[in-house]
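*Asks:* Protein sequence lines correspond, in order, to chains R and W.
Mapping of the first sequence onto my numbering: position 248 corresponds to residue 248, and the numbering continues sequentially without gaps.
Mapping of the second sequence onto my numbering: position 227 corresponds to residue 227, and the numbering continues sequentially without gaps.
Glycine residues also receive a C-beta, built at the ideal position from the N, C-alpha and C atoms.
Mind looking over this structure? Questions follow.
Number of protein chains: 2
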Amino acid sequence: MARAAATFQPIRNQNISETLAAQIRKEILRGTYKPGDRLPSERELALAFGVNRMTVREALLKLQALGLVSIRQGAGVEVQSYRDTGKLDLLIHLLTTPDAEGRYDARALLSLVEVSRTLYLQAVELAFERMKPEDTAKILELLDRQITLVDDPDAFARNSVAIHKTIFTAAHSITLRLLFNTLQEIFESESSPFRAVIREELRGVEHERLLGWFRQVRKCVEKRDVAAMKKLVETVYQPENRRLFAEFVAKKTF
Amino acid sequence: MARAAATFQPIRNQNISETLAAQIRKEILRGTYKPGDRLPSERELALAFGVNRMTVREALLKLQALGLVSIRQGAGVEVQSYRDTGKLDLLIHLLTTPDAEGRYDARALLSLVEVSRTLYLQAVELAFERMKPEDTAKILELLDRQITLVDDPDAFARNSVAIHKTIFTAAHSITLRLLFNTLQEIFESESSPFRAVIREELRGVEHERLLGWFRQVRKCVEKRDVAAMKKLVETVYQPENRRLFAEFVAKKTF
DNA sequence: TATGGAAAAGTGGTCGAACCACCCGATCAC
DNA sequence: GTGATCGGGTGGTTCGACCACTTTTCCATA
């Protein structure tokens, strides 16, 4: 009954427009189309892909929402420099799309970790200040569950995301919450190097040390000890715990 | 020649689909449709608005991208709780859409200021560590220009955004850059209470004090003095400089 | 009576063709 | 050179139809 379900989840309905968007997005991020270039017209793309123009339109609108292209009636679809106009939703694609040489951008991943650390520290600070009894209860419950999951990497990762989400929720800051929602898919995505690096690093940590860390977190939450909690968070980001990550970044791409 | 242009910029092409999206979005944020409710079918909406179903589809896709609704083939369009699924792009709409009683959400604005402060401090820290000669030059140039604009609130605000953008760029962190891009429209939006509050607060500050602040910033940039710079940034967020803002927030909504 | 499953109705997804609104470059008249 | 005009190409919108999927209904069956 309480046993975790088998987590079926293979099927995914491949929207044609989403498939198209992914394909074009990939070409742009790989550099096939450079900023300033004009994409083929909707009619040409429809012909080339063998789909209806409406479907192409929907795909292009998605790229526009990401800030990858600008669409102007009369003029065509122009590729933009994503550094100048890209939205945060683009980040997951930057992390999961290899460049022309098949390598992933390690500096992008580093920048995400840097910002995550900052946001996490702020979330902790606000949460410990504002959280309500039900918030505390839920965090404690998830922490207790986390300790039982050290042997199941996937369940561990999922519960970990749930803990973070609860902390961000407890901060009662809509901006932080929306930010978390936007970044969440990166943490959850299987194809994201983020998950891969985390999993690899966890492999090198002894169970007992990991359990100890979570027990300490639990104490902090119970006592509402912000300072101690922040220190605990910081330890996660300390260089000695980021060995593999540092190696990746040292190579710039991986 | 070097005189600032008159900054014409009124015209804006109102896509029908964007107009539709705005209208439906407004109803959702006002609470006319609550999480779990189903929106009228695409055919019904098309009939009601007197437009084609395709146009309705595009509007709904935009709302889906914001995380406001979930669309499933066969089932309809379901309104979601934006706290759980909303993306960061939704924030500007939360700030600019009044509730059923015509008031704006001051807590949302407060949360944005809190997060902005944190991100800004991190951007400064990274920028001062990584910025290249051309970054420094551009920042100094914009700072010099800023000092000449104290009498023109609009130009002042615009140049201010440009300065922030350059600092975020100098941080050479793609995550921070995309984050800035996503939040930028809030800072620039005329209909955003953000601009209104900033303008109101600036009105109460003596020119000489404002100029002094920017001169100090300039020195920090020249000497790459991170600590001093961060202190300067902090002064902006100190309570005594947030009087009006605090009053707004105290009323919860305004 | 409870259950399983087929049928029906309603939903979003895709299609094709046509027309409208707009941008841009070529051409022309001055 | 300058400005106006025009035509071709682009995205924006419309229409009507069909496909794929979900939900509901309801009937045959155990």
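(1) Got a sec: which bits of the region 80 to 97 of chain W sit with their beta carbon under 9 Å from any beta carbon on chain R, in order along the chain?
(2) Please confirm whether ARG103 of chain W has its beta-carbon closer than 8 Å to some beta-carbon of chain R.
(3) Is there a Cβ of chain W sitting closer than 8 Å to that of SER41 of chain R, yes or no?
(4) Using 10 angstroms around the beta-carbon of ASP84 of chain R, count the other beta-carbons present and answer buried if the total reaches 16, otherwise exposed.
(5) Count the other CB atoms within 10 Å of the CB of ALA100 of chain R; is the residue buried (16 or more) or exposed (fewer)?
(6) Under the three-state reduction of DSSP, which class applies to THR235 of chain R: helix, strand or coil?
(7) Which residue from W:LEU94, W:LYS223, W:GLU114, W:LEU39 puts its Cα closest to that of TYR237 of chain W?
(8) Assuming LEU90 of chain W contacts LEU68 of chain W (C-beta within less than 8 Å), just tell me the rounded distance between them.
(9) Suppose contacts are defined by Cβ-Cβ distances below 8 Å. Is ALA228 of chain W in contact with ARG195 of chain W by that definition?
(10) Skipping 5 residues on each side, what residues in its chain have a beta carbon closer than 6 Å to that of ILE167 of chain R?
(11) Which whole-angstrom value is the C-beta distance of CYS220 of chain R and LEU210 of chain R, which I expect to be below 8 Å?
(12) Assuming TYR104 of chain W and PRO193 of chain W are in contact, meaning their beta carbons sit under 8 Å apart, how far apart are those beta carbons, in whole angstroms?
(13) Any idea what DSSP makes of SER17 of chain R, helix, strand or coil?
(14) Determine the contact status of GLY86 of chain R and LEU66 of chain R, defining contact as a CB-CB distance below 8 Å.
(15) Do you know offhand how far LEU110 of chain R's Cα is from ARG224 of chain W's?
(16) Is DSSP giving GLU240 of chain R helix, strand or coil here?
(17) Helix, strand or coil for VAL56 of chain W per DSSP?
(18) Among residues of its own chain, excluding the 5 on either side of LYS230 of chain W, which ones have a beta-carbon nearer than 8 Å to its beta-carbon?
(19) Can you check whether the CB of SER17 of chain R is closer than 8 Å to the CB of ALA75 of chain R?
(20) Output, in chain order, the set of chain W residues within a Cβ distance shorter than 7 Å of GLY31 of chain R.
(21) Checking contacts by CB at 8 Å: is GLU129 of chain R closer than that to chain W?
(22) So is SER173 of chain R in contact with chain W if we call contact Cβ pairs under 8 Å?
(23) Can you tell which of W:THR118, W:SER160, W:LEU112, W:ALA171 has its C-alpha closest to the C-alpha of PRO133 of chain W?
(24) Quick one: does GLU58 of chain W have its CB under 8 Å from some CB of chain R?
(25) Tell me whether ALA137 of chain R is buried or exposed, calling it buried when 16 or more other Cβ atoms sit within 10 Å of its Cβ.
(26) Closest Cβ-Cβ distance between ALA162 of chain W and chain R: below 8 Å?
(27) Output the boundary residues of the beta strand (DSSP E) element that contains GLU78 of chain R.
(28) Excluding the five sequence neighbours on either side, which residues of its own chain have a C-beta within less than 8 Å of the C-beta of SER189 of chain R, listed in chain order?
(29) I need the DSSP call for ARG224 of chain R, collapsed to helix, strand or coil.
(30) Sorted by chain position, which residues of the same chain lie with C-beta nearer than 6 Å to ARG117 of chain R's C-beta, five sequence neighbours on each side aside?
(31) Is there a Cβ from chain R that is less than 8 Å from the Cβ of PRO133 of chain W?
(32) Going along the chain, which residues of the region 193 to 204 of chain W sit with their C-beta nearer than 8 Å to a C-beta in chain R?
(33) Residues of chain W with CB closer than 7 Å to the CB of GLY67 of chain R, please, in chain order.
(34) Output the distance between the C-alpha atoms of ALA21 of chain R and GLN23 of chain W, rounded to the nearest integer angstrom.
(35) Is there a Cβ from chain R that is less than 8 Å from the Cβ of THR166 of chain W?
(36) Helix, strand or coil, according to DSSP, for SER41 of chain R in the structure here?
*Replies:* Judging by the given coordinates:
(1) TYR82, ARG83, ASP84, THR85, GLY86, LYS87, LEU88, ASP89, LEU90, LEU91, LEU94
(2) no
(3) no
(4) exposed
(5) exposed
(6) Three-state DSSP puts THR235 of chain R in a helix.
(7) W:GLU114
(8) Separation of the CB atoms of LEU90 of chain W and LEU68 of chain W is rounded to 7 Å, and the pair is thereby assigned contact status at 8 Å.
(9) no
(10) ALA123, ALA127
(11) That belief does not hold up - the Cβ atoms of CYS220 of chain R and LEU210 of chain R are roughly 16 Å apart, past 8 Å.
(12) 5 Å
(13) helix
(14) yes
(15) It is roughly 23 Å from the alpha-carbon of LEU110 of chain R to the alpha-carbon of ARG224 of chain W.
(16) helix
(17) helix
(18) Hits under 8 Å: LEU121, VAL124, GLU125.
(19) no
(20) Neighbours of GLY31 of chain R on chain W: none; closest Cβ ~15 Å, over 7 Å.
(21) No, because no Cβ of chain W sits closer than 8 Å to the Cβ of GLU129 of chain R.
(22) yes
(23) W:ALA171
(24) At least one chain R Cβ lies under 8 Å of GLU58 of chain W.
(25) With a threshold of 16 other beta carbon atoms within 10 Å, ALA137 of chain R falls short and is exposed.
(26) no
(27) Per DSSP, the unbroken beta strand (DSSP E) holding GLU78 of chain R starts and ends at 77 to 79.
(28) ILE92, THR96, ARG195
(29) In the structure shown, ARG224 of chain R sits in coil (DSSP, three-state: anything other than H, G, I, E or B).
(30) TYR237
(31) no
(32) none
(33) Neighbours of GLY67 of chain R in chain W, taken as residues at a C-beta separation under 7 Å, are given in chain order as ASN181.
(34) 26 Å
(35) no
(36) coil
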